[in-house]
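Numbered according to the numbering used here, the sequence shown terminates at residue 126, and the numbering increases by one at each position without gaps.
Yeah, the Cβ is synthetic: ideal placement off N, Cα and C, and Gly gets one too.
Everything on this sheet refers to the single structure shown next.
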Amino acid sequence: MGYKDGCEWDDRKGEILEELFAISFSDCVNIVLDDSTPLISHPAYPEQLRALGKIRKKLFTIAFIEHKDFLIRIITAWPSSAAEKKAYYKQGGK
Numbered sequence: 033m034g035y036k037d038g039c040e041w042d043d044r045k046g047e048i049l050e051e052l053f054a055i056s057f058s059d060c061v062n063i064v065l066d067d068s069t070p071l072i073s074h075p076a077y078p079e080q081l082r083a084l085g086k087i088r089k090k091l092f093t094i095a096f097i098e099h100k101d102f103l104i105r106i107i108t109a110w111p112s113s114a115a116e117k118k119a120y121y122k123q124g125g126k
């Protein structure tokens with residue numbers, strides 16, 4: 033289990049993320065913890081929040097949940113879809 037600044041993640045999922053997109057969950061933590069990060073939800077996953085932010089100039093969506101004892105569990109991340117990009121800029125993302 034990976035851990036940084038009150039966030040946790042599955043190490044194996046982290047390895048897959050690095051292989052697929054050349055980003056780490058540690059990169060994702062910075063976005064999730066930034067108070068100015070736009071957040072969205074998805075009706076199919078009401079327990080999750082999705083943070084929208086840039087990693088090395090590319091926009092990513094990071095799915096996470098608020099876990100027990102105020103711990104944040106990062107689930108996964110992916111390059112943002114067109115709809116997610118629209119939400120990002122609509123909420124003031126830069």
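Residue from the options with nearest C-alpha to residue i
i: I48; options: I107, K36 and K118; result: I107
i: G125; options: K100, I87 and A109; result: I87
i: G34; options: L103, E116 and K89; result: L103
i: D43; options: R105, S68, E98 and D66; result: R105
i: D66; options: A76, A115, G38 and W110; result: G38
DSSP state of residue i mapped onto helix, strand, coil
i: K36; result: strand
i: K51; result: For clarity, residue 51 is Glu in the given sequence; the question names Lys instead. Helix.
i: R44; result: helix
i: K100; result: helix
Where the alpha helix (DSSP H) through residue i begins and ends
i: K118; result: A114 to K122
Beta-carbon proximity of residue i to residue j, cut-off 7 Å
i: T142; j: L84; result: Residue 142 lies beyond the residue range present for the chain, which begins at 33 and ends at 126; the question has no answer from this structure.
i: Y120; j: P70; result: yes
i: V64; j: K36; result: no
i: W41; j: F57; result: yes
i: S73; j: L91; result: no
Continuous beta strand (DSSP E) stretch holding residue i: start and end
i: G85; result: L81 to I87
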